[in-house]
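The sequence shown begins at 1 in the UniProt record's numbering and counts up one residue at a time.
Virtual Cβ for every residue (Gly too), placed ideally from N, Cα, C.
Below you'll find the structure, written out as structure tokens, and then a few comments.
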Amino acid sequence: MSDRDIHSKGWDESTRSKSGKSEVAEENVKLKALLKRLHIEPTGLAHRMREYSAQDGGPIVSLKHSNILRYISGETGRPKQRTCDVMVSVLSIAAGEPLTAADIGYPDEPAHDLDVDVEMPKARVDLISLPFETVDREFVDHLKTLLDAHARMDALSGPRYVVGTLQGELQLIEDLCGKARGAMRPALLEVGTRFCEFAGWLYQDSGDLRRALYWTNRAMDYAEELYDPHLRSYVLQRRSNIATESGYAAQGLGLANAALRCWDEIPPELRAVALRQQANAYAMTEEADDCRRALDQAMEQVLSIDPSGPSSLALYCTPSYIEMEAANSWVRLGHPERAIETYEVALGDWPASQRRDQGLCTARLASAYVGVGEFESGARAGTDAAKVIRSAPSARALGVLRDLAQRVRPVRNDAIREFSLSVADLVR
Numbered sequence: 001m002s003d004r005d006i007h008s009k010g011w012d013e014s015t016r017s018k019s020g021k022s023e024v025a026e027e028n029v030k031l032k033a034l035l036k037r038l039h040i041e042p043t044g045l046a047h048r049m050r051e052y053s054a055q056d057g058g059p060i061v062s063l064k065h066s067n068i069l070r071y072i073s074g075e076t077g078r079p080k081q082r083t084c085d086v087m088v089s090v091l092s093i094a095a096g097e098p099l100t101a102a103d104i105g106y107p108d109e110p111a112h113d114l115d116v117d118v119e120m121p122k123a124r125v126d127l128i129s130l131p132f133e134t135v136d137r138e139f140v141d142h143l144k145t146l147l148d149a150h151a152r153m154d155a156l157s158g159p160r161y162v163v164g165t166l167q168g169e170l171q172l173i174e175d176l177c178g179k180a181r182g183a184m185r186p187a188l189l190e191v192g193t194r195f196c197e198f199a200g201w202l203y204q205d206s207g208d209l210r211r212a213l214y215w216t217n218r219a220m221d222y223a224e225e226l227y228d229p230h231l232r233s234y235v236l237q238r239r240s241n242i243a244t245e246s247g248y249a250a251q252g253l254g255l256a257n258a259a260l261r262c263w264d265e266i267p268p269e270l271r272a273v274a275l276r277q278q279a280n281a282y283a284m285t286e287e288a289d290d291c292r293r294a295l296d297q298a299m300e301q302v303l304s305i306d307p308s309g310p311s312s313l314a315l316y317c318t319p320s321y322i323e324m325e326a327a328n329s330w331v332r333l334g335h336p337e338r339a340i341e342t343y344e345v346a347l348g349d350w351p352a353s354q355r356r357d358q359g360l361c362t363a364r365l366a367s368a369y370v371g372v373g374e375f376e377s378g379a380r381a382g383t384d385a386a387k388v389i390r391s392a393p394s395a396r397a398l399g400v401l402r403d404l405a406q407r408v409r410p411v412r413n414d415a416i417r418e419f420s421l422s423v424a425d426l427v428r
């Protein structure tokens, strides 16, 4: 969607009244103040909005800095709903907290606005509710078992089939954490942290970074009260991951550094995922040496994991996973040839239980092949990726396929045709 598409068709409400007479534009002081507080220039906001909209599955919002300036000055009135939603999401991520359209100067939101869904779920007002006194250690262990089952299903089939199931359990846990007192409160806060963090992940993998941030911040609230070094470190690196995926390298690096602050108190797998986040941030800022060091350290840590140790928050963190993340960094740093080799090494020993990430890794391999002009290899890898992603879809993997389909469209050969047919219904 072009700048002309977004701002044509009668969206200059503030400069013309219903009678057709021109009106004096009123400055959007809230948007102006927020951008100043967050140190975001109009050009930077336009760039972030395009990046975000390219990832969330909706139409791409393509603005220029002049469009942002017109929003600030009031020359252009309330944006189209798609533009407004993307702007709110991008600024929410930058602020580190969920914002509403009213917070950026657009209070007259339509009744169907999705912000309603981002509110904290309210406990049901039932005649009979679960008394806190009935909650014991066995009940909490059952909740943990449920969460482990959800995590395994997500790894095999993607977030689509899990996120709906989780809603009732989140509501129950929020209610119980609000009531919990005494010796059972820490146990409930622990399971509350894990459920909220997992909800954040599911929304992130579904392409909804705004809700991902909301639930991850909620997990951080519980983790801070507990002050458990494992949970705090893990949730901090998850916030870092949301930041880098949203294009905020500096914020992502700072959160990754914070996740590693208690190095001696956390196990190797938690160090590895936080180091992976350091590498992501360094790759985004083209600091190749620091990126390489962080990746080497991450691999050292993941190879030192004790497989007989206790259940981990990061069971997905395998050598293959770190290889995939390293390859993604090499692509960012402009070394797609090295990325291809690294992706292939990762896929050669991919755990069968991590099918969703296998689809993502295969799609990224296909993209790297196309990046070096090996279109047939890229198309074959893309076709393989489509088969896996169809059974375990995620917004990240579908985004890579969607981009790949656009890049190979001018090329004509049998492999490309087969790939295009295999993804036709996935990338619409």
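Using 8 Å as the Cβ pair cut-off and three pairs as the minimum, do the stretch 34 to 44 and the stretch 213 to 233 touch? no
Check this for me: beta carbons of Ala379 and Ala339, under 8 Å apart or not? As a position in the sequence shown, residue 379 is number 379, starting the count at 1. As a position in the sequence shown, residue 339 is number 339, starting the count at 1. It is not a contact, given that the beta carbons lie outside the stated cut-off.
If you follow the alpha helix (DSSP H) that Asp141 is in, where does it begin and where does it stop? In the sequence shown, counting from the first residue as 1, residue 141 sits at position 141. Taken as a continuous stretch (DSSP letters only), the alpha helix (DSSP H) holding Asp141 covers 137 to 157.
Supposed contact pair Ala250 and Glu325 - C-beta distance, whole angstroms, cut 8 Å: The residue labelled residue 325 in the question sits at position 325 within the sequence shown. The residue labelled residue 250 in the question sits at position 250 within the sequence shown. In fact, because the Cβ distance is near 19 Å, the residues do not count as touching under 8 Å.
Can you give me the Cβ contacts of Phe375 inside the same chain, cut-off strictly under 8 Å, excluding the 5 residues immediately before and after it? Stepping through the sequence shown from its first residue, residue 375 is reached at position 375. Hits under 8 Å: Tyr369, Val408, Val411, Asn413, Ala415, Ile416.
Determine the burial state of Arg396: buried for a count of at least 16 other Cβ atoms within 10 Å of its Cβ, exposed for fewer. Position 396 of the sequence shown, counting from 1, holds the residue named residue 396. That one is buried.
Give the straight-line distance between the Cα atoms of Gln406 and Leu365, rounded to the nearest whole angstrom. On the sequence shown, residue 406 is found 406 positions in, with the first residue counted as 1. On the sequence shown, residue 365 is found 365 positions in, with the first residue counted as 1. Between Gln406 and Leu365, the C-alpha separation is close to 16 Å.
Taking Ala223 as the reference, give the member of Ser240, Gly252, Leu202, Leu188 with the closest Cα. Sequence index remark: in the sequence shown, residue 223 carries index 223 (1-based). Of Ser240, Gly252, Leu202, Leu188, the residue nearest in Cα terms is Leu188.
Report, in whole angstroms, the separation of the C-beta atoms of Tyr71 and Leu31, which I expect to be a contact under 8 Å. Reading the sequence shown from its first residue, position 71 is the one you call residue 71. Reading the sequence shown from its first residue, position 31 is the one you call residue 31. Right, the Cβ-Cβ distance comes to about 6 Å (below 8 Å), so this counts as a contact.
Around the C-beta of Gly192, are 16 or more other C-beta atoms found within 10 angstroms, so that it is buried, or is it exposed? Mapped onto the sequence shown, residue 192 falls at position 192. Burial state of Gly192 is buried, judged by a 10 Å Cβ sphere holding 16 or more other Cβ atoms.
Please confirm whether Val345 has its beta-carbon closer than 8 Å to some beta-carbon of chain C. Among the protein chains of the structure shown there is no chain C, as only one such chain exists.
His65 in three-state terms, based on DSSP: The residue given as residue 65 occupies position 65 in the sequence shown. The answer is helix: DSSP assigns His65 an H, G or I state.
Distance between Ala258 and Asp289 (C-alpha atoms, nearest Å): Along the sequence shown, read from residue 1 onward, the residue named residue 289 stands at position 289. Along the sequence shown, read from residue 1 onward, the residue named residue 258 stands at position 258. Distance between the alpha carbons of Asp289 and Ala258 is about 21 Å.
Three-state secondary structure assigned by DSSP to Glu41: Translated into the one-based positions of the sequence shown, residue 41 becomes position 41. Three-state DSSP puts Glu41 in coil, outside helix and strand.
Leaving out five residues before and five after His65 in sequence, what residues of the same chain have Cβ atoms less than 6 Å from its Cβ? Walking along the sequence shown from the start, residue 65 turns up at place 65. Within the same chain, His65 has close Cβ partners Pro42, Thr43, Ala46.
I'd like the list of long-range same chain contacts for Ala180, defined as Cβ closer than 8 Å, with 5 residues on each side in sequence excluded. Here residue 180 refers to the residue found at position 180 when the sequence shown is read from its first residue. So the qualifying residues of the chain are Phe132, Val135, Leu188, Leu189.
What first and last residue would you give for the alpha helix (DSSP H) that runs through Gly371? Mapped onto the sequence shown, residue 371 falls at position 371. Here the alpha helix (DSSP H) through Gly371 covers 355 to 371.
With 16 as the cutoff for other CB atoms within 10 Å, does Glu269 come out buried or exposed? The sequence position of residue 269 within the sequence shown is 269, counting from 1. Buried.
I think Ala363 touches Ala346, with their Cβ atoms under 8 Å apart; what is that distance to the nearest whole Å? For the purposes of this step, residue 363 is taken as the residue at position 363 of the sequence shown. For the purposes of this step, residue 346 is taken as the residue at position 346 of the sequence shown. About 13 Å separates the two Cβ atoms, so there is no contact after all.
By how many angstroms is the C-alpha of Val163 removed from the C-alpha of residue 488? Here the chain comprises residues numbered 1 to 428, so residue 488 is not present and cannot be evaluated.
Helix, strand or coil: how does DSSP classify Ile242 here? Working through the sequence shown from its first residue, we reach residue 242 at position 242. Ile242: helix per DSSP, three-state reduction.
Is Ile389 helix, strand or coil by DSSP? As a first step, residue 389 must be located in the sequence shown, where it is residue number 389. It is helical.
Closer than 8 Å by C-beta to Met120: which residues in its own chain qualify, once you throw out the five before and the five after it? Chain order, please. Here residue 120 refers to the residue found at position 120 of the sequence shown. Low local confidence applies: a pLDDT of 41 at Met120 is under 50, so the model's placement there is unreliable, and no value is given.
DSSP on Pro186, reduced to helix/strand/coil? Counting from 1 along the sequence shown, the entry for residue 186 is found at position 186. Under the three-state reduction of DSSP output, Pro186 falls in the helix class.
Taking a contact to mean a Cβ-Cβ separation below 8 Å, would you say Ser320 touches Thr383 in this structure? In the sequence shown, residue 320 corresponds to position 320, counting from 1. In the sequence shown, residue 383 corresponds to position 383, counting from 1. Not a contact, by the Cβ cut-off of 8 Å.
Residue burial classification, Trp201 (beta-carbon count within 10 angstroms, cutoff 16): Indexing the sequence shown from 1 puts residue 201 at position 201. Buried, by the Cβ-count rule.
Any non-hydrogen atom of the ligand FMN closer than 7 Å to Pro410 Cβ: No copy of the ligand FMN appears in this structure; indeed no ligand is present at all.
Candidates Gly373, Ser367, Val372: which alpha carbon is nearest Arg402's? Within the sequence shown, numbered from 1, the residue matching residue 402 stands at position 402. Comparing Cα positions, the closest option is Ser367.
Between Asn28, Val29, Glu51, which lies nearest to residue 429 when the distance is taken from Cα to Cα? Residue 429 lies beyond the range of the chain shown here (1 to 428); nothing can be said about it.
By the DSSP assignment, the alpha helix (DSSP H) with Trp215 in it spans what residues? For the purposes of this step, residue 215 is taken as the residue at position 215 of the sequence shown. Segment 209 to 226, the alpha helix (DSSP H) holding Trp215.
Are the CB atoms of Ala95 and Cys84 nearer to each other than 8 Å? Numbered from its first residue, the sequence shown carries residue 95 at position 95. Numbered from its first residue, the sequence shown carries residue 84 at position 84. Cβ distance not < 8 Å, so Ala95 and Cys84 don't count as in contact.
Count Cβ pairs between the stretch 384 to 394 and the stretch 136 to 150 that sit closer than 8 Å; are there 3 or more? These segments do not touch.
Consult DSSP for Lys80 and reduce its assignment to one of helix, strand or coil. To locate residue 80, count along the sequence shown from 1; it is residue 80. Note: Lys80 maps to coil in three-state DSSP.
Asp290 in three-state terms, based on DSSP: Here residue 290 is taken as the residue at index 290 of the sequence shown, counted from 1. Three-state result, Asp290: helix.
Hey, how far is the Cα of Gly399 from the Cα of Leu170? To locate residue 399, count along the sequence shown from 1; it is residue 399. To locate residue 170, count along the sequence shown from 1; it is residue 170. Cα to Cα, the separation comes out at about 28 Å.
N-terminal and C-terminal residue of the alpha helix (DSSP H) that Cys177 is part of: As a working mapping, residue 177 is identified with position 177 in the sequence shown. Its alpha helix (DSSP H) spans residues 163 to 179.
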